[in-house]
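Chemist: For reference, the structure I am asking about is given below.
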Amino acid sequence: MRTDWPKKTGRTAWLAFWHDGILGCGRPPQKAKQPAISEPIRLLRGTAPFYNLPIMKSPRSRSIARLAALAILAGAMPRAAAEPPAQDPAELAAAAESYLRQQLAALPGEPSITLDPLRTDRLDACEALTPFMPSGMRVRARMTVGLRCVAPRTWTVYAQATVSVPGQYYVAARQIAPGKTIEAADLTTRDGDLVALPPGVITDAAAILGMRPAHRIAAGQPIKGAGLRSAESVSRGQSVRITARGNGFVVSSEGQALDNAPPSATVQVRTASGQVVSGIVQAAGLVEIQL
Numbered sequence: 369m370r371t372d373w374p375k376k377t378g379r380t381a382w383l384a385f386w387h388d389g390i391l392g393c394g395r396p397p398q399k400a401k402q403p404a405i406s407e408p409i410r411l412l413r414g415t416a417p418f419y420n421l422p423i424m425k426s427p428r429s430r431s432i433a434r435l436a437a438l439a440i441l442a443g444a445m446p447r448a449a450a451e452p453p454a455q456d457p458a459e460l461a462a463a464a465e466s467y468l469r470q471q472l473a474a475l476p477g478e479p480s481i482t483l484d485p486l487r488t489d490r491l492d493a494c495e496a497l498t499p500f501m502p503s504g505m506r507v508r509a510r511m512t513v514g515l516r517c518v519a520p521r522t523w524t525v526y527a528q529a530t531v532s533v534p535g536q537y538y539v540a541a542r543q544i545a546p547g548k549t550i551e552a553a554d555l556t557t558r559d560g561d562l563v564a565l566p567p568g569v570i571t572d573a574a575a576i577l578g579m580r581p582a583h584r585i586a587a588g589q590p591i592k593g594a595g596l597r598s599a600e601s602v603s604r605g606q607s608v609r610i611t612a613r614g615n616g617f618v619v620s621s622e623g624q625a626l627d628n629a630p631p632s633a634t635v636q637v638r639t640a641s642g643q644v645v646s647g648i649v650q651a652a653g654l655v656e657i658q659l
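In terms of the numbering used here, the sequence shown opens at residue 369 and continues consecutively.
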């Protein structure tokens, strides 16, 4: 017999009592509906005391809970490999300058080298760096030097450099005729940038004195090594004496040198009869043929 009769006898109270009591008889108690749990929280609940997060009922609370769970999951994931360090531009500049100084070592005077700033923000640090001169490049006032990395990753970068070497060089003090032996009075010095001079200009007087020019040298013109011949050498078109040595005899004749040749070098000579023979330059205007 029920003892929870409604104390009030109003129609509304009796209907509620009838609905809850009569219609609810024999039904199992209904489990309270749980609020939806986001997937990150569902994965974490019960795994450790730290992750036993309370169930949030409001939308804002559930959003905060999701963010917290995602942050925890992100911390549990393995970290990505750290990026390799970038190449230090100062190391590249030092390598390029050292290489350029080696290329300028043959010139007298102290080199002045200025490198344009290098961008290395996209280059990994290099353990094996090799400077080089690009194909077709020679030492000049404005030039390029290459820097190649071979380990741990391969890359190549080019540096622009401004180079100068102040010093003295020699020019003709007066016109020098072809074949004339050059003396000290034929030379004078000038100051200038040795890097800006044409290739082969001589800066040492000892390499000029006693030599003979193959072509006319105008006054004020720099002296180039390629245009000089040893006083003991022969020049193309020069008249020479040919000596042929055999067993107990020597034969001499006149001829014309067909090439330029220094002492002890082989040169071809055309004889007076038109025959072409080869001999060894022994001295100025003297070619010997071994029979």
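All C-beta atoms in this analysis are idealised placements derived from N, C-alpha and C, irrespective of residue type, glycine included.
None of the values given here were measured: they were computed from a predicted structure.
What are the residues that DSSP puts in a beta bridge with R638?
Modeler: R638 is bridged to Q624 and V644.
Chemist: Hey, quick one: how far does the alpha helix (DSSP H) through E656 stretch, first residue to last?
Modeler: Premise fails: E656 lies in the beta strand (DSSP E), L654 to Q658, not in any alpha helix (DSSP H).
Chemist: Quick check on the burial criterion: 16 or more other C-beta atoms within 10 angstroms. Buried or exposed for D572?
Modeler: Result: exposed.
Chemist: Skipping 5 residues on each side, what residues in its chain have a beta carbon closer than 8 angstroms to that of R584?
Modeler: Closer than 8 angstroms at the Cβ level, and outside the excluded window around R584, lie Q543, I544, A545 and P546.
Chemist: From the DSSP output, which residues share a beta bridge with Q364?
Modeler: The shown model of the chain, from 369 to 659, leaves out residue 364, and the question about it has no answer.
Chemist: Excluding five sequence neighbours on each side, which residues of the same chain lie with their C-beta closer than 6 angstroms to the C-beta of G568?
Modeler: Taken in chain order, the residues that qualify are K592, G593 and A594.
Chemist: Going straight from the alpha carbon of R597 to that of Q471, what length do you get?
Modeler: About 26 angstroms.
Chemist: Could you check if T488 is buried or exposed, using at least 16 other CB atoms within 10 Å of its CB as the buried criterion?
Modeler: Buried, because 16 or more other Cβ atoms sit within 10 Å of the Cβ of T488.
Chemist: Does the Cβ-Cβ distance between I481 and A529 come in under 7 angstroms?
Modeler: In this structure, A529 lies closer than 7 angstroms to I481 by Cβ.
Chemist: Under 8 angstroms Cβ to Cβ from P417, same chain only, skipping five residues before and after it: list those, please.
Modeler: Per-residue confidence for P417 stands at a pLDDT of 47, beneath the threshold of 50, marking its modelled position as unreliable; the derived number appears in the next sentence. There are no such residues.
Chemist: Give the single residue among G578, V635, D484 and P581 whose Cα lies nearest to the Cα of R609.
Modeler: That would be V635, whose Cα lies nearest to the Cα of R609.
Chemist: Check whether the Cβ atoms of R580 and T549 sit closer than 7 angstroms, and answer yes or no.
Modeler: Their beta carbons are under 7 angstroms apart, which means R580 touches T549 by this criterion.
Chemist: Taking all protein chains shown into account, decide if E478 is buried (16 or more other Cβ within 10 angstroms of its Cβ) or exposed.
Modeler: By the neighbour-count rule (16 or more Cβ atoms within 10 Å), E478 is not buried but exposed.
Chemist: Helix or strand or just coil, what does DSSP make of R469?
Modeler: Here R469 sits in helix by DSSP.
Chemist: Taking 7 angstroms as the threshold (C-beta atoms), are A461 and L483 in contact?
Modeler: Against a cut-off of 7 angstroms, the Cβ pair of A461 and L483 comes out as a contact.
Chemist: How long is the line joining the alpha carbons of I648 and T611, rounded to whole angstroms?
Modeler: The alpha-carbon atoms of I648 and T611 are separated by roughly 10 angstroms.
Chemist: Measure the beta-carbon distance from V525 to A509 and round it to whole angstroms, keeping in mind my assumption that it falls under 8 angstroms.
Modeler: Actually they do not touch by this definition, with Cβ atoms about 22 angstroms apart.
Chemist: Please confirm whether A541 and D554 have their CB atoms less than 7 angstroms apart.
Modeler: Taking 7 angstroms as the Cβ cut-off, A541 and D554 qualify as a contacting pair.
Chemist: By Cβ distance, which residues of its chain are closer than 7 angstroms to A539, with the 5 residues on each side in sequence left out?
Modeler: Reading the sequence as shown, one finds Val at residue 539 and not Ala. Hits under 7 angstroms: T556, R558, G588, Q589, P590 and I591.
Chemist: Apply the 10 Å Cβ neighbour rule to Q643 and answer buried if 16 or more other Cβ atoms are within range, or exposed otherwise.
Modeler: When all chains shown are included, Q643 counts as exposed.
Chemist: Can you check whether the C-beta of P567 is within less than 7 angstroms of a C-beta belonging to chain B?
Modeler: Protein chain content of the structure displayed is limited to a single chain, and chain B is not contained in it.
Chemist: Between the beta-carbon of V602 and the beta-carbon of A582, is there less than 7 angstroms?
Modeler: Against a cut-off of 7 angstroms, the Cβ pair of A582 and V602 comes out as no contact.
Chemist: Terminal residues of the continuous beta strand (DSSP E) containing A612?
Modeler: Residues S607 to G614.
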